[in-house]
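Read through the structure below, which is laid out as structure tokens, and then see the notes.
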Amino acid sequence: MSEIEKVLKPNVYVFAFHLIGEISGRDNPLWNWGDDFLESFTAKKLKTRLDFSEQSFNLRVDLLPDISLDFETKVSYNHSELEASGFAKPIKIGDSYALWLNVGFPDTCAEEVSPQWLSTFNPENLLGIVTGEDFIGETILITAKLPPQSEAPSRENLQSLADKCRNALLPEKYRPAFNRADVLFGSPIFEYGLIKQTSNYQHLLVWFPDSEASEDKLSIYQQEIVDLFYYRNKIIKAFHNSRQIHRIMFDFYRQVEDNVNCLQQRIDELDGDLTTENLQEFKAELKKLLKTALTYTQGLTKLEDYDNTIAINLNNYDEKLAQIYAKVESDKEEPSILNHFSRKTAPYMRSQIAGDLGYFRHGTNLIDQAIASIRGIVEIEQARSDRTNQLALRKSELGEKNRDDRLQSTVQAIGVGLAAGGIAASSGTDQVFQTVQNHQIPVLMQWHPFVFSFALSFAIALFAAGITWWRTKPKK
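Every position in the sequence shown, counted from 1, becomes a number in the numbering used here once 1 is added.
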């Protein structure tokens, strides 16, 4: 079968989401972008019509009194001009703003057109280029009916037609790669955009509803579908943010490994006691590791937060799917491209983050071990140094005490000696000298009485001082 060259009633739907954050109300960048897009099709302004007066605790609030801004326009391609129409629906969902835009050919248009007409719905190439830290993401949906065919088209032909639609709508550098083919409400749909492509990620769906009933379901489930895309984009945003943390943590982990290995080598090379310089180096390394541990723990906490964000929004996503199942009243496999995300894609994201957490927690153990090793070395060295200082102080104290005791003993000995000598000189030397003369001791009889008295008193004082010093001298 030859390739399909024409389509019927092509339409473009854009679902863009932006956190409210610190920029709420009309100042949020999402409304500026919406007016820039609408400017190519209508003079109506979205930003000036927004109504934020309703204070509601509901999860979902329409921001236009009449719900949507509708417009009609004309588009031209290859010297031809056709009537087109569209709408803009601004919504507040939770902590975010959502903008649902549509532009395309109305149901009254029965003319078969080339997919190249889709380029007229993105004249300023504004689709797929919304950026900013608080921009959650966007999903672009192209719908087009197939002209009557003699036989059912093959998947290859439909994918080729979907590629043409993508190429016509988006400039080359913003075209997402093909991801998978599936069905939505019984009709073939093709998904573009790879989750692993974290930079310049785009999400595009090309759907070919093959029946009126299938096409009508987009209107029937419009609220649930907007919410599904909202939760989907929040999940992907959290995952992409986690990949940024993963890259930072991976580099950080390698640095931690290198630092710990170098530290261990320095510890192994230590020989004997640490010098003051070694001690200061280890103390500086300890401070650095404590700071590293804090930063590393913060990174792990962010990964856990992103995993929790994915889990919460995945639960909300599944609840919206359950509401669609209840309305469809059919098997849960019918909207398969929608439940594929909750069954396969989102669990894959969570498993990636779980793997990261398991891997990077080894880094925490490395840091803790390094900190414990340095603390042990520093504490041992500090204890040894303190003990040495205490011994030196004790010796000094003992030396001073011994000196004081010796001085006290010497003073006591001198005092006793002087006292004994004085007593001897004043009372006993005359009698002793008289005894010497009576016994006629030749050597001593030649001494003068004063000299004899002084010598005897000195000898008695010296003897008394010696006995006193011997009795009172300090023990070692």
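We treat Cβ as the ideally placed atom computed from N, Cα and C, and that holds for glycine. Keep in mind it's a predicted model, so treat the numbers as computed, not measured.
CA-CA distance, R244 and I354?
Taking the CA atoms as reference points, R244 sits about 9 angstroms from I354.
Return the first residue and the last residue of the beta strand (DSSP E) that L205 is part of.
H204 to W208
Considering only C-alpha positions, which residue in the set T144, V104, Y14 and L39 is nearest to V8?
Closest by alpha carbon: T144.
Quick check on DSSP: helix, strand or coil for T302?
helix
Output the boundary residues of the beta strand (DSSP E) element that contains R181.
F179 to L185
Cβ-Cβ distance between F361 and Y297 below 9 angstroms
yes
Use the C-beta contact count for R233: other C-beta atoms within 10 angstroms, 16 or more gives buried, fewer gives exposed.
buried
Tell me the residue span of the alpha helix (DSSP H) that contains E216.
Unbroken alpha helix (DSSP H) run through E216: E213 to I221.
Can you say whether R255 is buried or exposed, counting buried as having 16 or more other CB atoms within 10 angstroms of its CB?
Burial call: exposed.
Quick one: grab the DSSP three-state call for L194.
In the sequence under discussion, the amino acid at residue 194 is Gly, which differs from the Leu named in the question. The answer is coil: DSSP assigns G194 none of H, G, I, E or B.
Identity of the residue in K218, L102 and F38 nearest G187 by Cα
For the options K218, L102 and F38, the alpha carbon positioned closest to that of G187 is the one of K218.
For Q203, count neighbouring C-beta atoms within 10 Å of its own C-beta (all shown protein chains included) and say buried if the count is 16 or more, exposed if not.
Q203 should be labelled buried.
Measuring CB atoms only, is the region 194-211 touching the region 62-82, in the sense that at least three cross pairs come out at less than 8 angstroms?
no
Does the Cβ of E320 have 16 or more other Cβ atoms within 10 Å, making it buried, or fewer, making it exposed?
exposed
Counting C-beta neighbours from all protein chains within 10 Å, is the total for M446 16 or more, i.e. buried, or is it exposed?
With a pLDDT of 48 at M446, under the threshold of 50, the modelled position of that residue is not reliable, and the figure given next carries that caveat. Exposed, since its Cβ has fewer than 16 Cβ neighbours within 10 Å.
Do F16 and L100 have their C-beta atoms within less than 9 angstroms of each other?
A distance below 9 angstroms separates the beta carbons of F16 and L100.
Same chain only: Cβ atoms within 7 angstroms of R167, ignoring 5 sequence neighbours per side:
R176, Y193, L205 and V207
Indicate whether the contact test is met: 3 or more Cβ pairs, each with one atom in the region 211-228 and one in the region 322-331, closer than 8 angstroms.
The region 211-228 makes contact with the region 322-331: 3 or more CB pairs, one atom from each, lie closer than 8 angstroms.
Alpha-carbon to alpha-carbon, K165 and Y307
One C-alpha to the other measures close to 36 angstroms.
If you compare alpha carbons, which of F283, K93, N123 and A85 is closest to T109?
Looking only at F283, K93, N123 and A85, the smallest Cα-Cα distance to T109 is reached by A85.
Proximity below 9 angstroms, CB of Y478 to CB of L119:
It is not possible to answer for residue 478, since the shown part of the chain is limited to 2 through 477.
Report, in whole angstroms, the separation of the C-beta atoms of T293 and I246, which I expect to be a contact under 8 angstroms.
T293 to I246, Cβ: 16 angstroms. No contact.
I need the straight-line Cα distance from P4 to T121, nearest angstrom please.
Here residue 4 turns out to be Glu, not Pro, going by the sequence shown. Answer to the nearest angstrom: the Cα atoms are 23 angstroms apart.
Assuming L60 and A89 make a contact with CB atoms under 8 angstroms, what is their CB distance in whole Å?
At roughly 21 angstroms, the Cβ-Cβ gap does not stay under 8 angstroms, so L60 and A89 are not in contact.
Sufficient close CB pairs (3 or more, under 8 angstroms) joining the region 29-47 to the region 153-164
no
In this structure, what does DSSP give as the bridge partners for Y98?
H19 and K93
Pick helix, strand or coil for G364, following the three-state DSSP scheme.
helix
Which of helix, strand or coil does DSSP assign to T293?
helix
Anticipated Cβ contact below 8 angstroms, I338 with L185, distance rounded
5 angstroms
Skipping 5 residues on each side, what residues in its chain have a beta carbon closer than 8 angstroms to that of S161?
E4 and I5
Work out the CA separation of F106 and E216 for me, nearest whole Å.
14 angstroms
Within a Cβ cutoff of 7 angstroms, which residues of the same chain sit near I137, ignoring the five residues on either side of it in sequence?
F18, H19, L20, S97, N234, K235 and K238, listed in sequence order.
What is the residue span of the alpha helix (DSSP H) that L39 lies within?
P30 to L39
Spatial neighbours of V444 within its chain, please: C-beta separation below 7 angstroms, excluding the five flanking residues on both sides.
Confidence at V444 is low in this model, with a pLDDT of 49, below 50, so the placement of that residue should be treated as unreliable; the coordinate-derived value is given next. There are no such residues.
Beta-carbon proximity list for F53, same chain, < 6 angstroms, skipping 5 on both sides:
G26
Nearest-angstrom Cα separation, counted from A214 out to N12:
17 angstroms
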